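Before any comments, here is the structure.
Chains as they are written, first to last, in my numbering: chain X, 1 to 210; chain R, 1 to 25.
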């Protein structure tokens, strides 16, 4: 007789036990189980191998698997902790946990810094900031002249680079975010608190009680 | 209005940073 809730279906590469993931993140065991339902959906949308490929990530964000976007690339790269070109379940849960409403603001601020430190130098440099502004303009309907872009980047740099050495370090970033808290808005997904409601099928599949 | 924003505010409006799309059915 078949059993649809068997562990067999969960032997996908990179699968990690929800109890362990819950102990290391802001999620409860039930929430990790619900995230597995979301993960299964995302990781089977193009290639059904239990791993999220970049095309699948892009498809989930834009409903278009070919849409290139600097920021989606950055998020994917940070989620792909092992740097093997795919997001495994454990990586997915640990990275999404940064966006949980209960996660300390300091973790969110550090993640955002890494996101914007395009060349992994430990600093956000002016050139990187300009590159990101241009990428944003490229993906939106906004048209700004190069002079206006230069002014925006200059003003931001003067404001953020309090030491005046031409680059923004983590300490300056923390101070800048404290003065501009709206910058952290997209680092919290209220949805993650309701994830068990969004993916209730985990209740059928759940192997662990919270 | 965008010209008055700081660069990071502008960047944070990117669709690529809006992960709530991942949860859309």
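Ideal Cβ positions, reconstructed from N, Cα and C, are used throughout, including at glycine. Only a predicted model underlies this, so the values are computations on that prediction, with no experimental measurement involved.
(request) Within the same chain, show all residues whose beta-carbon is closer than 8 Å to that of residue 59 of chain X, passing over the 5 residues directly before and after it, in chain order. (result) Non-local beta-carbon contacts of residue 59 of chain X in its own chain, meaning distances under 8 Å to residues more than five positions away in sequence, involve 45, 46 and 65 in chain order.
(request) Taking only the alpha-carbon atoms, compute the straight-line gap between residue 121 of chain X and residue 166 of chain X and give it to the nearest angstrom. (result) When the Cα atoms are used, residue 121 of chain X and residue 166 of chain X turn out to be separated by approximately 13 Å.
(message) Applying the 10 Å Cβ sphere with the 16-neighbour rule, what's the burial state of residue 220 of chain X?
(response) No statement about residue 220 of chain X is possible, as the shown extent of chain X runs from 1 to 210 and does not include it.
(request) Check each residue of the segment 24-46 of chain X: if its Cβ is closer than 8 Å to any Cβ of chain R, include it; give the result in chain order. (result) Per Cβ criterion, the list reads 38 and 42.
(message) Tell me the rounded alpha-carbon separation between residue 148 of chain X and residue 176 of chain X.
(response) Between the alpha carbons of residue 148 of chain X and residue 176 of chain X lies a distance of about 21 Å.
(message) For residue 37 of chain X, tell me which candidate among X:62, X:50 and X:170 has the shortest Cα-Cα distance.
(response) The shortest C-alpha separation from residue 37 of chain X is found at X:50.
(request) State yes or no: is the beta carbon of residue 81 of chain X nearer than 8 Å to at least one beta carbon in chain R? (result) Not closer than 8 Å to any Cβ of chain R, the Cβ of residue 81 of chain X fails to qualify, so no.
(message) Once DSSP output is grouped into helix, strand and coil, what is the label at residue 16 of chain X?
(response) Residue state, collapsed to three classes: coil.
(message) Would residue 96 of chain X and residue 9 of chain R qualify as a contact pair, given that the criterion is a beta-carbon distance under 8 Å?
(response) No, these two residues do not count as a Cβ contact at 8 Å.
(request) Note down the Cα distance separating residue 31 of chain X from residue 181 of chain X, rounded to an integer number of angstroms. (result) So the alpha carbons of these two residues sit roughly 27 Å apart.
(request) Determine the chain R residues that contact residue 182 of chain X at a beta-carbon separation under 9 Å, and present them in chain order. (result) Residues of chain R passing the Cβ test: 9 and 12.
(request) From the DSSP output, in three-state form, read off residue 5 of chain X for me. (result) Because the pLDDT at residue 5 of chain X is just 45, under 50, the model does not fix this residue reliably, and the value given afterwards should be weighed accordingly. Under the three-state reduction of DSSP, residue 5 of chain X is assigned to coil, being neither helix nor strand.
(message) Give me the subset of the segment 95-117 of chain X whose CB atoms are less than 7 Å from a CB atom of chain R, sorted by chain position.
(response) Under the 7 Å Cβ criterion, the segment 95-117 of chain X contributes 99.
(message) For residue 128 of chain X and residue 90 of chain X, what's the separation of their Cα atoms in angstroms?
(response) It is roughly 30 Å from the alpha-carbon of residue 128 of chain X to the alpha-carbon of residue 90 of chain X.
(message) Can you list, in chain order, the residues of its chain with a C-beta nearer than 8 Å to that of residue 99 of chain X? Leave out the 5 residues immediately preceding and following it.
(response) Hits under 8 Å: 108, 187, 188, 189 and 192.
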